[in-house]
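**Student:** Chains F, X, U and A supply the protein sequences, listed in that same order. Letter 145 of the first sequence, counting from 1, is numbered 580 in our numbering, and no numbers are missing. Letter 75 of the second sequence, counting from 1, is numbered 510 in our numbering, and no numbers are missing. Letter 116 of the third sequence, counting from 1, is numbered 551 in our numbering, and no numbers are missing. Letter 153 of the fourth sequence, counting from 1, is numbered 588 in our numbering, and no numbers are missing. Backbone N, C-alpha and C fix where the C-beta goes; we use that ideal spot for every residue, glycine too.
There are 4 protein chains.
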Amino acid sequence: MIHREFLRRATIRVLAAILLLVGSRTQAADPASSVTVLIAYHSVSGNTEKMAQGVAEGAKAVSGTKVIVKRVGDVATDDLLSSDAIIVGSPVYFGNMSGEVKTFFDNWLLKFAVFRDFKMRNKVGGAFATGASISNGKELTMLAILEAMLVNQMIIVGGGGAFGASATTGPDSPGIDEKELTAARELGKRVTEVAIMTKHGSPK
Amino acid sequence: MIHREFLRRATIRVLAAILLLVGSRTQAADPASSVTVLIAYHSVSGNTEKMAQGVAEGAKAVSGTKVIVKRVGDVATDDLLSSDAIIVGSPVYFGNMSGEVKTFFDNWLLKFAVFRDFKMRNKVGGAFATGASISNGKELTMLAILEAMLVNQMIIVGGGGAFGASATTGPDSPGIDEKELTAARELGKRVTEVAIMTKHGSPK
Amino acid sequence: MIHREFLRRATIRVLAAILLLVGSRTQAADPASSVTVLIAYHSVSGNTEKMAQGVAEGAKAVSGTKVIVKRVGDVATDDLLSSDAIIVGSPVYFGNMSGEVKTFFDNWLLKFAVFRDFKMRNKVGGAFATGASISNGKELTMLAILEAMLVNQMIIVGGGGAFGASATTGPDSPGIDEKELTAARELGKRVTEVAIMTKHGSPK
Amino acid sequence: MIHREFLRRATIRVLAAILLLVGSRTQAADPASSVTVLIAYHSVSGNTEKMAQGVAEGAKAVSGTKVIVKRVGDVATDDLLSSDAIIVGSPVYFGNMSGEVKTFFDNWLLKFAVFRDFKMRNKVGGAFATGASISNGKELTMLAILEAMLVNQMIIVGGGGAFGASATTGPDSPGIDEKELTAARELGKRVTEVAIMTKHGSPK
Chain F
436 MIHREFLRRA TIRVLAAILL LVGSRTQAAD PASSVTVLIA YHSVSGNTEK
486 MAQGVAEGAK AVSGTKVIVK RVGDVATDDL LSSDAIIVGS PVYFGNMSGE
536 VKTFFDNWLL KFAVFRDFKM RNKVGGAFAT GASISNGKEL TMLAILEAML
586 VNQMIIVGGG GAFGASATTG PDSPGIDEKE LTAARELGKR VTEVAIMTKH
636 GSPK
Chain X
436 MIHREFLRRA TIRVLAAILL LVGSRTQAAD PASSVTVLIA YHSVSGNTEK
486 MAQGVAEGAK AVSGTKVIVK RVGDVATDDL LSSDAIIVGS PVYFGNMSGE
536 VKTFFDNWLL KFAVFRDFKM RNKVGGAFAT GASISNGKEL TMLAILEAML
586 VNQMIIVGGG GAFGASATTG PDSPGIDEKE LTAARELGKR VTEVAIMTKH
636 GSPK
Chain U
436 MIHREFLRRA TIRVLAAILL LVGSRTQAAD PASSVTVLIA YHSVSGNTEK
486 MAQGVAEGAK AVSGTKVIVK RVGDVATDDL LSSDAIIVGS PVYFGNMSGE
536 VKTFFDNWLL KFAVFRDFKM RNKVGGAFAT GASISNGKEL TMLAILEAML
586 VNQMIIVGGG GAFGASATTG PDSPGIDEKE LTAARELGKR VTEVAIMTKH
636 GSPK
Chain A
436 MIHREFLRRA TIRVLAAILL LVGSRTQAAD PASSVTVLIA YHSVSGNTEK
486 MAQGVAEGAK AVSGTKVIVK RVGDVATDDL LSSDAIIVGS PVYFGNMSGE
536 VKTFFDNWLL KFAVFRDFKM RNKVGGAFAT GASISNGKEL TMLAILEAML
586 VNQMIIVGGG GAFGASATTG PDSPGIDEKE LTAARELGKR VTEVAIMTKH
636 GSPK
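1. Per DSSP, what kind of secondary structure is residue 459(X) in: helix, strand or coil?
2. Could you check what DSSP says for residue 620(F) in three-state terms: helix, strand or coil?
3. Report all residues from its chain with a CB closer than 7 Å to the CB of residue 574(F); omit the five preceding and five following residues, and keep chain order.
4. Just curious, the alpha helix (DSSP H) that residue 534(U) is in, first and last residue?
5. Closest to residue 516(U) by CA distance: which of 593(U), 623(U), 556(U) and 495(U) is it?
6. Go through its chain and collect everything with a Cβ distance to residue 603(A)'s Cβ below 6 Å, but skip five positions before and after it.
7. Using only alpha-carbon positions, find the residue among 489(A), 567(A) and 637(A) that is nearest to residue 607(A).
8. Looking only at its own chain, which residues have a Cβ that is under 6 Å from the Cβ of residue 496(F), when we skip the five neighbours before and after it?
9. Using 8 Å as the threshold, is the C-beta distance between residue 589(F) and residue 634(F) below it?
10. Going by DSSP, name the residue or residues bridged to residue 529(F).
11. Would residue 472(X) pass as an interface residue toward chain A - the criterion being a Cβ-Cβ separation below 8 Å?
12. The beta strand (DSSP E) spanning residue 604(X) covers which residue range?
13. So, at 8 Å on beta carbons, what are the nonlocal neighbours of residue 459(F) in its own chain, with the 5 sequence-adjacent residues on each side left out?
14. By DSSP, does residue 500(A) sit in helix, in strand, or in coil?
15. With a threshold of 8 Å between beta-carbons, can residue 590(U) be considered close to chain X, or not?
16. Can you name the residues of chain A whose CB is closer than 8 Å to the CB of residue 489(X)?
17. Pick helix, strand or coil for residue 490(F), following the three-state DSSP scheme.
18. Looking only at DSSP bridge pairs, what is residue 565(U) linked to?
19. Anything in chain F within Cβ reach of residue 573(A), meaning under 7 Å, just list it in chain order.
20. Taking 8 Å as the threshold (beta carbon to beta carbon), is residue 597(U) in contact with chain X?
21. Name the chain X residues that come within less than 8 Å of residue 601(U), Cβ to Cβ?
22. Could you give the C-beta distance for residue 522(F) and residue 490(F), rounded to a whole number, given that I count them as a contact under 8 Å?
23. Let me know if residue 530(X) comes out buried or exposed under the rule of 16 or more other beta-carbons within 10 Å of its beta-carbon.
24. Could you please give the first and the last residue of the uninterrupted beta strand (DSSP E) stretch that includes residue 472(F)?
25. Measure the beta-carbon distance from residue 493(X) to residue 621(X) and round it to whole angstroms, keeping in mind my assumption that it falls under 8 Å.
26. Please classify residue 540(X) as buried or exposed, where buried requires at least 16 other C-beta atoms within 10 Å of its C-beta.
27. Please identify, using Cβ separations under 7 Å, the residues of the stretch 511-532 of chain F that lie next to chain D, in order along the chain.
28. Would you mind telling me which residues of chain X sit closer than 7 Å to residue 534(F), beta carbon to beta carbon, in chain order?
29. Do you know how far the Cα of residue 577(X) is from the Cα of residue 719(X)?
30. On the criterion of 16 or more Cβ atoms from any shown chain inside 10 Å, does residue 553(F) qualify as buried, or is it exposed?
31. Under 6 Å Cβ to Cβ from residue 615(U), same chain only, skipping five residues before and after it: list those, please.
32. Using a Cβ cut-off of 8 Å (strictly closer), state whether residue 555(U) contacts chain F.
33. Tell me, please, which residues DSSP counts as bridged to residue 594(A).
34. Do you know whose CA, among 638(F), 611(F) and 501(F), lies nearest residue 470(F)'s CA?
35. Within a Cβ cutoff of 6 Å, which residues of the same chain sit near residue 473(F), ignoring the five residues on either side of it in sequence?
36. Can you tell which of 512(A), 488(A) and 533(A) has the C-alpha that lies nearest to the C-alpha of residue 477(A)?
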């Protein structure tokens, strides 16, 4: 019996090796190994939009990723359903996401109807935020986004920072600087890689 | 010099005693010792509205309190400015206040213009929330409300619960029961009493 | 060129099918497809310990899972490093995890040295909490645990509740009832399944 | 009757005016109008200690304030009971106060026994935090401190920032700079002023 078990395991290993060899050359192009990432944001001044572009660049840096970038008001039900990962960005309004972004999440129930039956379950989620001051709500905004995703049984990660990517945009540090853009790219890459892991398993 | 100081202090004490004696009979009716409390809420099913009524009862139980109860969409700038305390209530939508309540807070900047110059500074704030499940966002919703108030330099208290009054309204515990209504009343009373303290000092 | 590509893809599919066929019979027993789950908790009254046992049952219900249940004070560096998922439970002390559990997390830096180089990166994390009252800190405690995990670049999920499993243990609802134990089991099962997904990919 | 009411009110106003006139010159020296502020902190590198000193300076800037500055491990029961306001500071460890500070709060129940009967009720609370990165836990740490105070039915304010004073101390911004020290001072002043308001009423 040990002999037969040994044979079976050896067969698996050989086949796996062949499969890996043949398959490795197609990884980038093979749609089966790629993921779709939706980046949804609200931006008035353009700062959160710039961060969204950085997140998109990071996601695209992972070969084979399909990236959709939309304002929260333009997201359609199918954008949510067809994505493997969602990354949501908001300016900080009173220590929380803006009313626009909150209404976007409320629409997961009211308009998109993806909350019932947990249609977003197991999709990977991340967050980014821009705020005028250093410690006046960027953490809370990113966490509020992640918490809304947890309620939808999504899988959550940080990236570019413990809780996501953020930028200080007030008078002392106006606009999005290169370091903040790098954090945005890291977030996009990180969420995409985790989405690949949950879909296809971690690299062996 | 010590003698003069002694005399002056004695005068203060005598005058204070007379003042207290003459003034005490009017406490309830004297507008100077009362406060105005605004209760603003969003409600679809009627649950948060019932809690708002409980909060109002608790505030009115403090003699001389003027209470204004309004849906968040009906609040006017003057309601905010003329109040000594604000208590905001929301249903839990995705672990946070609803988009309607968030938009109400955003309007403190955009529409009511009370954020610039911190016009709400030193007013007392409290929160209440209703949610379907026990630990799926009622705490977070109350804290998100309190955090928005902290950004406005308000003074924050709990009441009826550590972070405010809350009610579980899902299938296992539908509607607002007497215990939850009691918590709502405690919140109203608590916030009103602290508003009196900050305005007139604590009872000697 | 299309022809060659077609052949290569066909080869992959045939090999994958053979691999699946040969491999499927060993899934439960094959250590390669199972995960190790560490459940670490602090308990004084025994309530959080009962929840830990429920979480363990849920994790074991997933075939092939190795489960380690330890008090936070007994966890060794290797327990952390050898686990694919960590589920941490705490009683609610002042709206947060207890000092014992907080010190356990601080030791990820100070004693276990797993924070530097992010040695816990990509492990899956979950949380559970027990508290006397309904809305006085169970959410905050679970989130504080998840946030500590995010700082370590772990992948976060809820289960048995939006933010994890929790139980109300005060005078109105003493001890752990069957419903709360069911939530604990769901959390154990959920975290284990996501750990399998991140390690081996989601079921095709 | 209107005549008698008019006379009584006139008497109150005249007496109040005299009282104000006589009393105003003693405000600074009169112990009745001053408050005691306890500043409790944990510090390893010295950064949080420097912030504590800034907070103390701000509190002392309010004439007549008695300020006690202690490490959390040195605080005695009477320090808590005799204070009108408590300001707690912590380094950020894993997105939360350090285990030392958490254990300090747990001792409000276990050792100091001030939680039962809510002996800290109506004392004013504030928070400060130091952390290596911009948005990796300073907000959460300040809020965790404020939340622990809310559980004790304290009255909460920010200062030097929406949720308290904070400093970024990592490689990009080592130590405590003048701007951060100014925020610390503002926090000390703010909490002290609110403690005077709750004790003696707001300035007329």
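**Tutor:** According to the structure data:
1. Because the pLDDT of residue 459(X) is 39, which lies under 50, any placement of that residue in the model is unreliable, and the number read from its coordinates should be weighed accordingly. Reduced to three states, the DSSP call for residue 459(X) is helix.
2. helix
3. 598
4. 534-545
5. 556(U)
6. 569
7. 567(A)
8. 624
9. no
10. None; residue 529(F) has no bridge partner.
11. no
12. Segment: none, residue 604(X) is in no beta strand (DSSP E) and carries neither H nor E.
13. Residue confidence is low: residue 459(F) scores 40 on pLDDT, short of 50, so the model does not pin down where it sits. No coordinate-derived value is stated.
14. coil
15. no
16. The premise fails here: residue 489(X) is roughly 19 Å from chain A at the closest Cβ pair, so nothing lies under 8 Å.
17. helix
18. 526(U) and 602(U)
19. 570
20. yes
21. 569 and 570
22. 6 Å
23. buried
24. 471-476
25. 6 Å
26. buried
27. Looking for chain D here will not work: the only protein chains present are F, X, U and A.
28. 534, 537, 538 and 541
29. Since the first residue shown for chain X is 436 and the last is 639, residue 719(X) is missing from the structure and cannot be characterised.
30. exposed
31. 602
32. no
33. In DSSP, residue 594(A) forms no bridge with anything.
34. 501(F)
35. 503, 514, 518 and 521
36. 533(A)
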